[in-house]
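These notes concern the structure reproduced below.
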Amino acid sequence: MARQRIGFVASGAPVAQEALAAMAARYGQCPLPEAEVIVALGGDGFMLQTLHETQSLGLPVYGMNRGTVGFLMNGYCEDRLPERLAEAEEEILNPLAMTAVSETGEVFHRLAINEVSMLRAGPQAAWLRISVDGKVRMEELVCDGALVCTPAGSTAYNYSAHGPILPIGADVLALTAIAPFRPRRWRGALLPKTALVRFDVIDARKRPVMADADGRSVRDVVSVEIRSEPAIRHRLLFDPGHGLEERLIREQFV
C-alpha cells in the first residue's frame, strides 16, 4: 500500500522544530497543496492556528503533541506514523462565525474553533445585553465577560469559567458568564447549535469591551453576533480510542 503524502508543519518551539526535522527526514516532506494529510507538531494553540490556516485545503490534520496540554493532539512518537495515520479516526468540527462591529462602525468577521469571548477592556466591569435569535434574553449582564463555545472548546476557557463540558456531536453551544457580578449566580445557558447569539455593549465608551475569536481580537466593539458555521468542516484525526469524545468524558472525572 502506497504511503500517504504527508505535509508536516510545526510551531516555533525548539522541541517542535526538532521533531519537524526528524519526521521530515524519516517520512519525507510534501508541500501542503500536494499533501493528502497534514501532521501538526506543537500544542493546542498551534493546532487551532493550523486548522485556520489550512481551512481552504480541506485536508485532515493529525496533531502530535510538542506543546503543553495537547488536548487536541496525539502522543508524539517517531515510529509507525503511516500506520497510525491509516488507523486514525476522524472527528468533524464546525467553527463559530463571529461578526463584530466596532465603535467606528467597522465590521470584522472571524472564525473560532473553540470559543468567541467578550472581555472587558478597562478597569470597570462590562455591561452586556444578550439576545438569542432576535429575542432579548438578558437586559443586563454585569461581568468581566461572557463566551460562546463549541463542544470541542468546552474544556478550554469555558471550563475554567465554570461552564459545562459538552459531548462531541451534541447539537448545542454553551453560553457562559465570566465572573458575573449581576445577576451574581447566573451560570449561563445551553443553546441549540442553530442559535444566533448577539451581545450588545451598554455604555461602550465608559466600559470598553473587546471580542476574541480563538486568540484574534477586535477592540472597542459595540455589538457581536455569533453563530455556528456548518458549511466549514475541520477534519481532525485521532488514534483509536483517544478521540475527542473519550477525552471529554475523561476530563470530567479528574
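Residue 129 in UniProt numbering sits at position 129 of the sequence shown, and the numbers go up by one each step. Cβ atoms here follow ideal geometry from the backbone N, Cα and C, with glycine treated the same way.
Beta carbon of residue i nearer than 8 Å to that of residue j
i	j	result
residue 218	residue 100	yes
residue 187	residue 162	yes
residue 149	residue 119	no
residue 11	residue 46	yes
residue 165	residue 157	no
residue 122	residue 207	yes
Closer than 7 Å: residue i CB and nearest the ligand SAH heavy atom
i	result
residue 168	The ligand SAH is not part of this structure, which contains no ligands at all.
Chain-order list of residues whose beta-carbon lies under 6 Å from that of residue i (same chain, five-residue window excluded)
i	result
residue 36	4, 5
residue 1	Caution applies to residue 1, whose pLDDT of 46 falls short of 50 and renders its modelled position unreliable; the value that the coordinates give is listed next. Within the same chain, residue 1 has no close Cβ partners at all.
residue 222	101, 103, 201, 204
residue 108	100, 218
Beta-carbon separation (whole angstroms), residue i vs residue j, contact threshold 8 Å
i	j	result
residue 128	residue 141	5 Å
residue 237	residue 90	6 Å
residue 94	residue 226	Rounded, the Cβ-Cβ distance is 13 Å, inconsistent with contact.
residue 144	residue 88	Contact flag wrong, Cβ pair sits at about 39 Å.
residue 92	residue 61	The pair is not a contact, with the Cβ atoms about 12 Å apart (cut-off 8 Å).
residue 256	residue 132	Any answer about residue 256 is impossible in this case: the structure gives the chain only from 1 up to 254.
residue 155	residue 57	At roughly 27 Å, the Cβ-Cβ gap does not stay under 8 Å, so residue 155 and residue 57 are not in contact.
residue 168	residue 151	5 Å
residue 44	residue 69	6 Å
Cross-strand partners of residue i (DSSP beta bridge)
i	result
residue 120	209
residue 62	39, 237
residue 6	37
residue 173	191
residue 52	Residue 52 is not bridged to any residue.
residue 109	99
residue 131	136, 198
Which of helix, strand or coil DSSP assigns to residue i
i	result
residue 178	strand
residue 1	Reliability fails at residue 1, whose pLDDT of 46 lies under 50, so the model's placement of it is uncertain and no value is given.
residue 94	coil
residue 44	helix
residue 99	strand
residue 74	strand
residue 165	coil
residue 115	strand
residue 89	strand
residue 249	helix
residue 147	strand
residue 225	strand
residue 142	strand
Within-8 Å CB hit, residue i to chain D
i	result
residue 128	Looking at the structure shown, chain D is missing, and only one protein chain is on hand.
Sequence-distant residues of the same chain with beta carbon closer than 7 Å to residue i, five excluded per side
i	result
residue 15	66
residue 203	127
residue 189	175
Chain-order list of residues whose beta-carbon lies under 8 Å from that of residue i (same chain, five-residue window excluded)
i	result
residue 76	19, 41, 64, 65, 66
residue 184	none
residue 234	51, 55, 61, 92, 93, 94, 95, 113
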